[in-house]
Amino acid sequence: MDAILLQILNGLDKGSAYALIALGLTLIFGTLGVVNFAHGALFMIGAFCAVTLQRVLNFSYEDVDESQKDFLGNALKVKTPYVEAWFGPEFGGAIIDWAVPLAILFAIPIMIAVGFIMERGLIKHFYSRPHADQILVTFGLAIALQEVIKYFYGANPIQTPSPEALSGVANVGALIGMDFVYPVWRIVYFFFSVVIIGAIFSFLQFTTFGMVVRAGMADRETVGLLGININRRFTIMFGIAAAVAGLAGVMYTPINSPNYHMGMDFLVLSFVVVVVGGMGSLPGAVLAGFMLGILESFASMNEIKSIIPGIDQIIIYVVAIIILLTRPRGLMGRKGVMEE
Amino acid sequence: MSKSAFSRRGVLKSGALAGTGLALPTIFTASSAAAFTNDPTGSSVTLGFNVPQTGPYADEGADELRAYKLAVEHLNGGGDGGMMNTFSSKALQGNGILGKEVKYVTGDTQTKSDAARASAKSMIEKDGAVMITGGSSSGVAIAVQGLCQEAGVIFMAGLTHSNDTTGKDKKANGFRHFFNGYMSAAALAPVLKNLYGTDRNAYHLTADYTWGWTQEESIAAATEAMGWTTVNKVRTPLASTDFSSYIAPVLNSGADVLVLNHYGGNMVNSLTNAVQFGLREKVVNGKNFEIVVPLYSRLMAKGAGANVKGIHGSTNWHWSLQDEGSQAFVRSFGTKYGFPPSQAAHTVYCQTLLYADAVQRAGSFNPCAVGEALEDYEFDGLGNGKTLYRGDDHQCFKDVLVVRGKENPTSEFDLLEVVEVTPAAQVTYPVDHPMFAGGALGSCNPGS
Amino acid sequence: MGILEVKNVGKRFGGLQALGDVNLSVKENTVHAIIGPNGAGKSTLLNCLVGKLIPDTGSVMFDGQSVLGRKPFEINQMGISRVFQTPEIFGDLTVLENMLIPCFAKRDGAFSLNAISAVSGQKDMLETAEKMLVEMNMADKRHMHSASLSRGDKRRLEIGMCLSQEPRLLLLDEPTAGMARADTNNTIDLLKEIKEQRDITIAIIEHDMHVVFSLADRITVLAQGTPLVEDDPQNIRGNPKVREAYLGESA
Amino acid sequence: MFGLENKDIRMLLVVAVLTLCAPFILNPFPTDSALAQFNAGYPDLMQRFVIFGIFAVGFNILFGLTGYLSFGHAAFLGVGSYSAVWMFKLLSMNVVPAIVLSVVISGLFALLIGFVSLRRSGIYFSILTLAFAQMSFNLAYSVLTPITNGETGLQLTLDDPRILGVSATADGSIPVTNLFGIEMRSTYEMVVGPWAFQFNAGYYLCALVLLAAFYLSIRIFRSPFGMMLRAVKSNQQRMNYTGLNTKPYTLAAFVISGMYAGLAGGLMASMDPLAGAERMQWTASGEVVLMTILGGAGTLIGPVLGAGFIKYFENIFSKINDQVLHSWFAFMPDGLEDFVVFVVHPFIGKGWHLTLGILFMLVVVFLPGGLVEGGQRIAKWVKTRKGNDDETPGKTTPAE
């Protein structure tokens with residue numbers, strides 16, 4: 032019983048990353064009709080916003096300590112971050128410790144800017160081009176972006192720990208009268224994603240801007256005829272989608288150390304999530320994200336693996352096939368979206 | 033029909049059939065001038081450094097490349113000579129190999145067998161490389177080793193830890209300096225016994241491919257032999273990035289030791305996840321829960337950050353070793369590049385030197401002669417103490433380091449500390465050991 | 266007994282009764298028009314005839330065989346061709362290729378793995394297609410990309426494609442919708458020509474009374490999913506029920 | 417001739433000349449010159465050009481004609497390779513049975529996957545094919561190891577049975593692949609002045625197969641079947657209402673392109689008897705998609721150009737290192753040399769991916785029809801210039 036609850040929790044937590052990425056991807060699909068293979072790269076850039084902030088906060092000056100030796104036998108240079116020197120070791124240390132949450136503030140403007148530049152500079156020219164061209168250009172962009180990151184940060188994963196206070200485990204089982212623990216940061220990630228998803232949905236539901244965008248998703252031409260400048264709004268939506276992917280990346284860094292190809296690792300999966308959810312459906316993407324997360328967690332249980340060996344390797348794809356064959360347009364897809 | 037498989041650009045260069053302006057077809061046969069593939073007849077000899085330059089192991093590949101360049105410099109008499117000064121064999125003169133200047137070509141394995149073989153083939157066919165070396169994973173090493181056997185050049189493996197490389201997939205033209213899964217287990221087991229006792233329940237998480245399996249098998253056998261119970265062996269998909277769903281069941285499994293048979297990015301993530309789930313603070317059956325990472329790499333340990341503290345594993349070599357050879361290598365590498373070398377860098381540097389030395393001693397680049405010179409060759413001064421290149425399986429037998437994540441690192445390189453140097457005798461196994469059975473070296477192939 | 270016999274066909278969409286109890290008989294070699302106000306169920310009925318929709322009740326017989334449960338391509342192979350409201354042609358192909366495809370479909374059936382012989386070597390097919398192009402007055406446009414044709418030409422092409430299959434029943438779904446007067450008249454002339462020169466039955470769904478009265482031999486008026494009247498054009502013109510339900514002042 | 421029209425014969429002849437003379441064309445620089453780095457005329461790479469050309473030509477029959485974008489075609493290439501290697505292990509080292517088996521098996525595999533996947537269209541179809549291919553890859557890497565040898569890849573060993581051959585040669589090595597005795601790896605070297613050209617038996621086998629495959633693809637493009645496939649892409653609704661059943665058309669195209677992929681896989685294994693699971697990974701499927709689009713989807717020659725382009729970068733650019741750069745720019749003053757090397761450095765060697773990514777973007781932005789369009793533009797430009805020079809100077813030829 033514990034084991035099952037734990038895997039459900041784990042699935043929700045995995046699913047929140049899938050859902051966040053798929054949400055942005057489907058926003059771009061839905062509004063702009065663009066197949067964005069660079070969406071994983073946006074997630075990765077978000078993660079490297081956190082890495083960058085951590086590096087910036089750790090800019091250090093060096094003191095020579097004669098009592099210690101470095102690897103060549105010379106006197107060791109001890110590094111002290113400027114932040115600690117300016118704000119005192121305690122407060123300065125706390126700032127460095129909270130680098131990842133702080134990076135959210137840092138990442139939002141950067142990601143929106145990246146989104147704007149991408150849309151205005153490149154994607155815009157591809158609205159009326161075939162999907163194949165969109166795939167080629169965004170894939171090229173994704174490769175170029177990740178190579179740039181690799182050039183500056185290397186290929187190895189980079190450790191970006193969560194704040195001390197949010198590390199460790201919490202006894203979540205106690206809430207329901209049981210006893211099992213779960214990492215605090217992963218719980219934080221789950222609630223964070225719920226907040227972001229909620230914010231996006233309310234934004235689309237309750238603002239005029241959101242209403243126009245939703246109308247545009249349903250029928251772009253009609254909205255254009257009303258004399259509303261839908262293109263500018265779509266640019267903003269692209270910025271928002273980039274920001275969502277970026278924030279998902281920032282908060283993901285303590286869970287797994289980021290590296291330059293993490294975007295590609297998520298790319299295929301996020302496409303599967305979006306399609307299983309149904310093209311052009313935001314609730315579908317979120318639902319599919321959580322569903323696949325939970326199923327993936329279950330499939331990795333020993334009890335299930337011993338019945339069907341290797342099921343955890345392929346569960347996502349098996350589910351995708353079953354759903355697409357039984358529900359032609361995924362869970363909640365609309366008719367006629369990307370069926371040609 | 034010609035039997036010549038691969039080009040010998042060297043011959044042609046010096047042959048200089050130019051001048052006549054005529055197309056002059058030549059067919060090389062076994063009886064032609066060259067007796068083996070890519071016989072360097074000019075004033076230089078070309079080595080092929082085939083390392084991952086893209087993909088997850090690109091940093092390790094870059095470090096290997098640095099070591100190769102250093103080795104070439106030393107072989108050609110440049111720099112401070114590095115380990116050439118401490119190497120027990122004094123055959124190398126610092127004037128290249130057999131008086132020929134050492135040149136090199138580089139390629140990208142992408143950590144994919146196909147790409148690695150394509151790259152190695154281009155080195156052999158286009159650049160006339162007489163030896164291929166490098167790599168950062170066992171799949172690639174075995175694939176390229178097979179290719180070199182067919183092509184008739186020597187393969188000096190880089191970082192490859194699977195038992196199979198010198199076990200069921202061993203080849204007469206392939207040589208491995210790096211240690212393997214069995215040796216890791218043999219070195220680790222006694223240390224673990226001392227630290228954690230004989231009554232332990234181990235839970236294995238294993239990368240689901242051949243390297244992972246051989247290591248899992250080795251560690252399980254060694255720990256079971258000293259009284260531990262293996263609670264479970266769980267295979268994790270290679271493509272996993274988040275291991276939480278595999279870690280969660282460990283919590284209530286009754287296990288008190290977690291063995292992570294992962295390498296590279298997988299290792300960083302699974303270890304990070306394990307620590308996240310509070311396994312290190314956990315107490316099971318009145319004992320502290322422990323995590324073991326049998327194959328450590330300092331470059332990768334960096335990605336796991338503070339999570340490695342206090343966690344034991346094994347490694348082929350570490351820059352903090354105090355012997356003369358290691359010191360010399362760290363000095364020349366560190367002076368040139370500004371940071372200490374990794375174990376991958378060390379092993380490929382050694383391999384390059386060992387190859388050059390064998391050629392020098394054999395007096396020929398012929399793979400069969402080189403192979404003979406390397407087989408059952410005993411040497412010292414390359415950082416791992418007295419070492420034997422066993423002739424029966426082309427595996428090096430040398431001391432293995434048991435290391436621990438350092439609690440208070442003084443710099444970004446100072447992540448591991450050596451706990452014990454397990455002597456070579458303790459990790460040596462008979463050549464017909466069941467974990468290595470099923471293959472045959474075959475006979476050396478000089479090509480042509 | 267007509268060539269097309271629709272009996273007691275009904276179709277619901279959720280709570281909406283799109284078709285009530287439709288009975289319709291189309292006589293061979295006549296032009297039968299189906300008219301009715303918007304939402305009368307004309308398109309639903311048409312879709313039931315061609316296999317796009319399956320009616321909940323009733324039967325549809327074509328030449329003595331039921332079409333129900335058959336796929337659109339099977340129904341087409343039985344001899345029913347359909348012209349769409351907005352011309353459906355192969356926009357990426359040339360006009361000649363557009364015309365060739367139905368010829369091949371007629372000769373080779375629903376599927377043929379004719380992958381080795383060249384199209385340009387099939388002289389008989391080319392001849393048939395060329396003949397039809399001449400008939401449609403489009404021979405000079407044969408190598409044009411069909412997507413770049415004018416609306417009127419697309420319509421002619423589509424009708425030509427249907428005719429080259431030599432169907433026994435041609436279904437036309439508002440063939441002049443959105444056309445300028447001149448184009449509409451051209452289309453009427455074309456259809457008249459077809460009617461006179463060929464042994465063909467035509468069923469036409471139309472909004473434009475001018476078209477209906479110029480062409481039809483028989484008219485069924487549909488209202489709220491059920492046939493109101495079926496009669497000759499002159500009687501329909503004078504029928505007060507029809508005036509009330511549909512024609513209103515415009516007649 | 418060959419039942420083709422004149423322009424198709426011309427194209428076939430061009431391809432024939434290009435492939436048969438590839439050892440010359442791809443080795444334009446003298447062996448000792450600094451630019452020899454750009455020579456691609458060695459057997460392995462030439463084989464790869466041709467094999468991936470076959471793969472892309474086949475993929476184009478599906479994607480270029482019907483518009484169905486399969487993201488799992490690498491699975492058929494992988495299955496073809498495995499079949500061929502198993503044939504080498506069990507039956508004989510002759511490549512003919514191996515290639516035949518790989519085409520048959522991958523055709524059956526394509527029939528199965530196509531039958532299921534073609535129930536959906538558009539992106540739903542793409543994801544279904546992707547899912548099947550990824551499943552094949554993941555399973556081949558792990559639980560199917562007894563058949564695929566997992567991570568290491570399926571290789572020949574000294575104790576393979578090889579019913580119609582020997583397990584090991586007299587000198588104790590694994591026998592090599594051959595075509596009725598002609599060893600695939602045998603190479604004949606011709607030296608002309610400072611140049612050296614390599615003629616490899618395996619390459620010529622691949623080249624002939626490519627020509628046959630290309631010829632077949634021309635026939636398909638020009639056939640009624642090919643026209644029907646283009647009609648599927650253009651308007652499925654009209655297809656259905658013209659009495660045509662689209663499903664068998666798309667399925668046939670899928671199976672044919674799957675068999676092309678299997679042929680490529682079988683040839684790959686015949687040139688180098690190893691089959692690795694990563695041949696089936698989505699990145700490999702993506703690669704053939706990129707090759708086709710890059711070259712020009714729906715054109716005959718485009719996919720071959722795209723395949724050559726990508727493989728050239730993968731194999732030639734990745735091998736350029738700083739040492740090579742320095743030797744190129746050695747003529748410059750020291751400071752400038754270092755600066756130039758510094759600027760170029762990120763784009764070569766380990767940065768070849770970056771160059772490739774940027775080139776993808778440039779091609780798709782400036783040449784919407786792929787490389788073929790680039791070729792057409794150049795041809796037009798040349799024609800225009802010629803027209804100006806020859807006829808009426810000053811009067812520009814109107815664009816078509």
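Protein chains in written order, with the numbering used here: chain A, 32 to 371; chain B, 33 to 480; chain C, 266 to 516; chain D, 417 to 816.
Using N, Cα and C, we set each Cβ at its ideal position, and we do this for glycine too.
In this text the structure is predicted, and so the values were computed from the model without any measurement.
Under the Cβ criterion of 8 Å, residue 174/B is counted among the residues facing chain D. Secondary-structure assignment with DSSP links residue 427/B through a beta bridge to 208/B. Counting only runs of 3 or more residues that sit fully inside the segment 362-425 of chain B, the beta strand (DSSP E) segments are 409-411, 419-421, in chain order. Around the beta carbon of residue 475/C, fewer than 16 other beta carbons sit within 10 angstroms, so the residue counts as exposed. Approximately 6 Å separates the beta-carbon atoms of residue 321/A and residue 43/A; this is inside 8 Å, confirming the contact. Residue 541/D places its beta carbon less than 8 Å from that of residue 484/D.
Residue pairing by DSSP places residue 278/C opposite 281/C in a beta bridge. Bridge partners of residue 423/C according to DSSP: none are assigned. Against chain B, the CB of residue 766/D has a partner CB under 8 Å away; the residue lies at that interface.
The contact set of residue 359/A on chain D, defined by CB atoms closer than 9 Å, consists of 535, 536, 540 in chain order. Chain-order list of chain D residues neighbouring residue 425/C: empty, with the shortest C-beta distance near 12 Å, by a criterion of under 8 Å. Across the set 767/D, 661/D, 439/D, 775/D, the C-alpha of 439/D shows the shortest separation from the C-alpha of residue 158/B. Within the segment 299-348 of chain C, the complete alpha helix (DSSP H) segments at least 4 residues long are 307-315, 337-343, listed from N- to C-terminus. Secondary structure at residue 651/D: coil, using DSSP grouped into helix, strand and coil. Taking CB atoms only, residue 550/D has a neighbour in chain A less than 8 Å away.
The straight-line gap separating the alpha-carbon atoms of residue 466/B and residue 136/B is approximately 38 Å.
The CB of residue 460/D comes closer than 7 Å to the CB of 150, 153, 154, 157 in chain B, given here in chain order. A contact is defined here as three or more CB-CB pairs under 8 Å, and the segment 80-88 of chain B fails this definition with respect to the segment 342-355 of chain B.
Interface annotation for the segment 248-276 of chain B against chain D: 267, 269, 270, 271, criterion Cβ-Cβ distance under 9 Å. The beta carbon of residue 527/D sits closer than 7 Å to those of 671, all from its chain and outside the five residues before and after it, given in chain order.
If you draw a straight line from the Cα of residue 611/D to the Cα of residue 202/B, it is about 38 Å long. 8 Å or more divides the Cβ of residue 384/B from the Cβ of residue 118/B.
By the Cβ neighbour-count rule, residue 416/C is exposed, with fewer than 16 other Cβ atoms within 10 Å of its own.
DSSP assignment within the segment 124-189 of chain B yields the following whole beta strand (DSSP E) runs of 3 residues or more, N-terminal first: 133-140, 163-166, 186-189.
Excluding its 5 nearest sequence neighbours in each direction, residue 241/B has C-beta neighbours in its own chain below 8 Å: 171, 270, listed in chain order. Spanning the alpha carbons of residue 793/D and residue 409/C requires a straight line of approximately 21 Å. The distance from the Cβ of residue 481/D to that of residue 645/D is about 4 Å, consistent with a contact at the 8 Å cut-off. The continuous alpha helix (DSSP H) containing residue 162/A extends over residues 162-184.
Proximity of chain A to residue 554/D at the Cβ level (cut-off 9 Å) is accounted for by 341, 344, 345, 348, in chain order. Residue 221/A sits away from residue 37/A, with the two beta carbons spaced by 8 Å or more.
Residue 349/B is outside the set of residues whose beta carbon lies under 8 Å from a beta carbon in chain A. Taking the C-beta atoms as reference points, residue 383/C is found no nearer than 8 Å to residue 660/D.
Per DSSP, residue 64/A lies in no alpha helix (DSSP H) segment and is marked neither H nor E. Between residue 288/A and residue 301/B, the CB-CB gap stays under 8 Å.
Taking a C-beta cut-off of 7 Å against chain A, the contacting residues of the segment 465-485 of chain D are 485, listed in chain order. Chain D places no beta carbon closer than 8 Å to that of residue 292/A, leaving this residue out of the contacts.
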